[in-house]
């Protein structure tokens, strides 16, 4: 039985809904179009299997097929798929989304095939970057979630591969900080007013989700490590990377304040989040002889996730809020292992922090209904 | 949805990849052909098995200085020959290459190695049983454009094509 149907049964038994009302709701729900997750899942798996098959056929590098034949076959397939997509341009639905995804993944197969035929050397990120550029237009056409999320995750992966490779004139510290600035750039786009900065809806959703996740998770982790390790003595100083983080962090704050759709509380929450991430990821690099400190590292991590929790609460993003509180609780416990050397002190610390977490949990359980009423009143 | 938007979106990757292939194909046909000796190199690469990764022997040390890392370098190969393995006559910054340099190859230094983008040769899947490492006496045929960019066109073992070497090395069925 569906979750809402079970809920209806409970309310019916409690006398809150009449039998007639229950039947009316059932009839209404039956007439609504279903979000067929099972079908979407199968289509996604099918599209992935088709593309993995194509890549495997290419990777086999058949010696009995000439280069010209392999290239012609690839371009014929890509062209045919493009023509089908063009013919179906006014239709929407699962088939169009699957074809778009296969089209985009087939481009990656084409890049691999060309690299193989002409024996091109790559660290991986160059090929991915080319794929990102070539598939951005079809990603913008997507009405489903799969391709935009795939594309957005692809940008992060490409940036990480680039940062990890040694094939660059930019120093390693700068490369990683530039990579860390990418989620801030995405979050700035996500925080901006959709009517001012127009982006395809699904692409905006994917960029916003991964941008905020990257800012919260990656930003907090990087700030924690930078404070903990005291990376101010790194040579050469990663000025380019810190400048990028400062620029995109500031841009994200400006974008959220320029967005009229956001309330004052949300703007303040976002300012705190972006501000702490920016400070946390730049201060240890620009202040000379910054003292490494485990406590400060843990503190900046907790501050960033607290700002995330408050912002999620104000935006009514329950899952984000729950995630933030769990992360804070776990980090709270990890502090004791980091700070205290002895087992006895760690144990006592854990007992104390466990008690605090339980107390906060119980308090929240009792007070959250009143807090929601207060929050509604503030709006 | 407007027709030209969809048409542009699906044509864009096809046109760009087509132009790339045309450029690579031109590079493969034009330019000077040279033969270079290569030796085994352990790449610790998760994809190894689908290609041979090797160290190109240019005959002279090109990137010994630690300061050279990531710097663009040029190697002068003199007069090209399609049969005799080349030995470089000059290695240094491209701006400093001598006037009579002739054919030169452009690249950069990485971990004291000169990298010109020709250090990989893709092989068919079934070659992997015979070619678990680069064989002795291996050479590559390379086409070098007038701007110094190079492209591998063939892999030779003892002067013979790779396919022939694999056929001879396979145990009798």
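Protein chains in written order, with this note's numbering: chain C, 64 to 442; chain R, 6 to 178.
Beta carbons: idealized from backbone N, C-alpha and C, even for Gly.
Note that the structure is predicted; figures quoted are calculated from it, not measured.
What is the C-beta distance between residue 301/C and residue 240/C, in whole angstroms, given that I count them as a contact (C-beta under 8 Å)? 5 Å
With DSSP collapsed to three states, give me the class of residue 75/C. Judged by DSSP in its simplified three-state form, residue 75/C adopts helix.
Run through the DSSP bridge pairs and tell me what residue 127/R is partnered with. 56/R
Per DSSP, what kind of secondary structure is residue 80/R in: helix, strand or coil? strand
Mark residue 174/R as exposed unless 16 or more other C-beta atoms lie within 10 angstroms of its C-beta, in which case mark it buried. exposed
Listed in chain order, which residues of the region 13-30 of chain R have Cβ atoms closer than 9 Å to some Cβ of chain C? 13, 14, 15, 16, 17, 18, 19, 21, 22, 23, 25, 26, 29 and 30
Just how far apart, CA to CA, sit residue 325/C and residue 34/R? Distance from the CA atom of residue 325/C to the CA atom of residue 34/R, rounded to whole angstroms, is 60 Å.
Spatial neighbours of residue 130/C within its chain, please: CB distance less than 8 Å, with the 5 preceding and 5 following residues excluded, ordered by chain position. 180
Would you call the region 363-378 of chain C in contact with the region 386-405 of chain C, where contact means no fewer than 3 C-beta pairs closer than 8 Å? yes
Where residue 174/R sits in the DSSP three-state scheme: helix
Mind checking if residue 445/C is an interface residue toward chain R, Cβ cutoff 9 Å exclusive? Residue 445/C is absent from the structure shown; chain C starts at 64 and stops at 442.
Hey, out of 149/C, 311/C and 334/C, whose CA is closest to residue 345/C's CA? 311/C
Should residue 110/C be flagged as near chain R, meaning a C-beta pair shorter than 9 Å? no
Could you tell me which chain R residues have their CB closer than 9 Å to the CB of residue 177/C, listed as they occur along the chain? 22, 25, 26 and 29
Hey, is the region 159-169 of chain C in contact with the region 407-416 of chain C, meaning 3+ C-beta pairs nearer than 8 Å? no
Are the beta-carbon atoms belonging to residue 134/C and residue 183/C less than 9 Å from one another? no
Quick one: does residue 200/C have its CB under 9 Å from some CB of chain R? yes
Three-state secondary structure assigned by DSSP to residue 114/C: Reduced to three states, the DSSP call for residue 114/C is helix.
Under three-state DSSP, which class holds residue 159/C? Reduced to three states, the DSSP call for residue 159/C is helix.
Would you say residue 142/R reaches chain C, if we count a Cβ-Cβ gap shorter than 9 Å as a contact? Closer than 9 Å: no.
For the region 113-135 of chain R, which residues have a beta carbon sitting closer than 9 Å to at least one beta carbon of chain C? Those residues of the region 113-135 of chain R that come within reach of chain C (Cβ to Cβ, closer than 9 Å) are 113, 115, 116, 120, 121, 122, 123, 124, 125, 126, 127, 128, 129, 130, 131 and 132.
What is the DSSP secondary structure of residue 140/R, counted as helix, strand or coil? coil
Straight-line gap, residue 401/C to residue 360/C (C-alpha atoms, nearest Å): Here the C-alpha atom of residue 401/C lies approximately 10 Å from the C-alpha atom of residue 360/C.
With burial defined as no fewer than 16 other Cβ atoms inside 10 Å of the residue's Cβ, what is the status of residue 271/C: buried or exposed? Label assigned to residue 271/C: buried.
Rounded separation between residue 51/R and residue 423/C - CA only: Any reading at residue 51/R needs caution, since the residue's pLDDT is 47, under 50, leaving its predicted position unreliable; the model's value is listed next. Those two C-alpha atoms are separated by around 48 Å.
Between which two residues does the beta strand (DSSP E) containing residue 343/C stretch? Segment 327-349 is the alpha helix (DSSP H) holding residue 343/C; no beta strand (DSSP E) there.
When you compare only the Cα positions, how much space is there between residue 68/R and residue 31/R? 30 Å
Please work out which residues of its chain come closer than 8 Å, Cβ to Cβ, to residue 333/C, disregarding the five sequence neighbours upstream and downstream, and give them in chain order. Within the same chain, and ignoring the five residues on either side of residue 333/C in sequence, the residues whose Cβ sits closer than 8 Å to its Cβ are 254, 315, 316, 319, 325 and 374.
Exposed or buried, which one is residue 112/R when buried takes at least 16 other CB atoms within 10 Å? buried
Give a yes or no on whether the minimum CB-CB distance between residue 40/R and chain C is below 9 Å. no
Residue 153/R: which of 11/R, 123/R, 46/R and 127/R sits nearest, CA to CA? With distances taken between CA atoms, residue 153/R lies nearest to 123/R out of 11/R, 123/R, 46/R and 127/R.
Cβ of residue 157/R less than 9 Å from any chain C Cβ? It does; some Cβ of chain C falls within 9 Å.
Nearest to residue 220/C (by Cα), restricted to the options 187/C, 236/C and 248/C: 187/C
Kindly indicate which residue of 107/C, 291/C and 119/C has the alpha-carbon position closest to the one of residue 158/C. 107/C
Distance cut-off 8 Å: residue 129/C Cβ against heavy atoms of the ligand MN: In the structure shown, the ligand MN is absent, as is every other ligand, since no ligand is present at all.
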